[in-house]
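Novice: Numbering (UniProt numbering), first residue to last: 1 to 318.
I have a structure here, written as structure tokens, and I will follow up with some questions on it.
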């Protein structure tokens with residue numbers, strides 16, 4: 001993902017690792033600087049990786065946010081990277097801190113992250129229905145901070161988990177900006193990346209669906225493999241259609257006298273990435289089939305029985 005999108009700032013939440021470990025990631029990804037908030041035991045932890053061109057200066061940080069001053073296209077801006085509290089009763093402390101920032105803040109301001117909250121029923125599918133009043137504190141904070149939505153593409157219901165044996169999807173991840181940001185960067189937009197939100201749900205379904213509560217780990221692994229196989233079979237057609245659509249778009253651009261070289265270059269890049277992704281899949285599948293024929297012996301070591309409850313994405317600003 002980093003190689004494809006080249007984000008100048010990369011925010012990670014729930015790192016669960018100390019700075020010494022994250023410094024290795026910084027070097028591997030080629031970032032100039034790293035700022036971290038240490039995890040508490042085996043949970044939490046934040047990291048912000050930066051390129052020098054953004055001249056990032058950290059103003060405030062705690063276990064729920066990193067607030068910085070930076071320079072984007074010659075403009076002094078404020079960016080707050082947020083990881084909302086998973087405990088609902090403690091979220092208002094996060095909203096209070098953000099609201100306090102707004103009191104003396106002037107100029108372009110941008111927030112991005114996993115807020116662990118939604119603004120209304122329209123941002124949730126499945127699960128128990130919440131009271132309308134439960135959305136008020138979050139919406140009040142957005143209003144007090146003057147935050148406005150950006151145009152979005154992709155599936156906004158970016159978190160997938162299970163509650164009481166039913167699938168739940170929510171828009172916990174978002175990027176928003178104040179009026180000054182929209183004026184300074186009118187072409188800002190948000191893209192929710194495909195795949196990231198789907199695979200955790202497929203694994204979750206495979207791990208728990210239609211299995212007895214005392215199912216052993218090998219049974220669950222087999223179930224997950226079958227679920228991933230079904231998911232891939234269902235998406236093969238979509239992948240082929242996507243490649244066909246990209247080829248048709250590139251052909252139409254070549255035949256359009258008004259098409260710019262930038263449009264043609266971008267369409268060519270998109271087609272190349274799609275073909276590369278498909279080639280990698282079939283290569284890995286072939287390797288997997290060859291490995292299965294060798295029938296390797298497996299040794300399973302005991303470990304705690306844990307299942308994934310949902311995804312926690314990376315956030316980026318381009």
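Note that CB positions come from ideal geometry on N, CA and C, so glycine has one too.
Quick caveat, the model's predicted, so the values are computed rather than measured.
#1: Out of 185, 182, 193, 227, which has the shortest C-alpha to C-alpha gap to residue 204?
#2: Using C-beta distances below 6 angstroms, list every residue in its chain close to residue 190, excluding the 5 sequence neighbours before and after it, in chain order.
#3: First and last residue of the alpha helix (DSSP H) that includes residue 20?
#4: With a Cβ-Cβ cutoff of 7 angstroms, do residue 86 and residue 181 count as a contact?
#5: Between the region 49-63 and the region 154-166, do three or more beta carbon pairs fall short of 8 angstroms?
#6: Please classify residue 217 as buried or exposed, where buried requires at least 16 neighbouring CB atoms within 10 angstroms.
#7: Is it a yes or a no for the region 111-131 touching the region 10-20, going by three-plus beta-carbon pairs under 8 angstroms?
#8: Taking the Cβ atom as the reference point for each residue, do residue 36 and residue 22 lie within a distance shorter than 7 angstroms?
#9: Starting from residue 69, follow the beta strand (DSSP E) in both directions and report where the run begins and ends.
#10: Contact check, residue 83 vs residue 46 under 8 angstroms by CB: the rounded distance?
#11: Using a threshold of 7 angstroms, state whether the C-beta atoms of residue 137 and residue 96 are closer than that.
#12: Could you please give me the residues that DSSP links to residue 176 through a beta bridge?
#13: Nearer than 6 angstroms: is that true of the beta carbon of residue 104 relative to any heavy atom of the ligand GTP?
#14: How long is the line joining the alpha carbons of residue 133 and residue 222, rounded to whole angstroms?
#15: Can you name the start and end residues of the beta strand (DSSP E) that residue 140 belongs to?
#16: Across which residues does DSSP place residue 79 in a beta bridge pair?
#17: Does DSSP classify residue 184 as helix, strand or coil?
Specialist: Here's the rundown:
#1: The residue given as residue 204 occupies position 204 in the chain shown. Among 185, 182, 193, 227, the Cα nearest to that of residue 204 belongs to 227.
#2: Translated into the one-based positions of the chain shown, residue 190 becomes position 190. If the five residues before and after residue 190 are omitted, its C-beta is found closer than 6 angstroms to the C-beta atoms of 150, 152, 175, all from its own chain and listed in chain order.
#3: If you number the chain shown from 1, residue 20 lands on position 20. That run of the alpha helix (DSSP H) goes 19-29.
#4: Walking along the chain shown from the start, residue 86 turns up at place 86. Walking along the chain shown from the start, residue 181 turns up at place 181. When the beta-carbon positions are compared, residue 86 and residue 181 stay at least 7 angstroms from each other.
#5: Contact between the region 49-63 and the region 154-166 is absent: fewer than three C-beta pairs spanning the two stretches fall below 8 angstroms.
#6: Translated into the one-based positions of the chain shown, residue 217 becomes position 217. With fewer than 16 other Cβ atoms within 10 Å, it is exposed.
#7: Segments in contact, yes.
#8: Walking along the chain shown from the start, residue 36 turns up at place 36. Walking along the chain shown from the start, residue 22 turns up at place 22. Yes. Within cutoff.
#9: If you number the chain shown from 1, residue 69 lands on position 69. Unbroken beta strand (DSSP E) run through residue 69: 65-72.
#10: Looking up residue 83 in the chain shown gives position 83. Looking up residue 46 in the chain shown gives position 46. Beta-carbon to beta-carbon, residue 83 and residue 46 are separated by about 6 angstroms, close enough to satisfy the 8 angstroms threshold.
#11: Along the chain shown, read from residue 1 onward, the residue named residue 137 stands at position 137. Along the chain shown, read from residue 1 onward, the residue named residue 96 stands at position 96. No.
#12: Locating residue 176 in the chain shown gives position 176, counting from the first residue. The secondary-structure analysis by DSSP pairs residue 176 across a beta bridge with 111, 149.
#13: This structure lacks the ligand GTP, and indeed carries no ligand of any kind.
#14: On the chain shown, position 133 is the one that residue 133 refers to. On the chain shown, position 222 is the one that residue 222 refers to. Straight across, the Cα-Cα distance linking residue 133 with residue 222 is about 43 angstroms.
#15: Your numbering for residue 140 matches position 140 in the chain shown. Segment 136-144 is the alpha helix (DSSP H) holding residue 140; no beta strand (DSSP E) there.
#16: Here residue 79 is taken as the residue at index 79 of the chain shown, counted from 1. Checking the DSSP bridge columns, you'll see residue 79 partnered with 68, 110.
#17: Taking the first residue of the chain shown as 1, we reach residue 184 at position 184. Residue 184 falls in the helix class under three-state DSSP.
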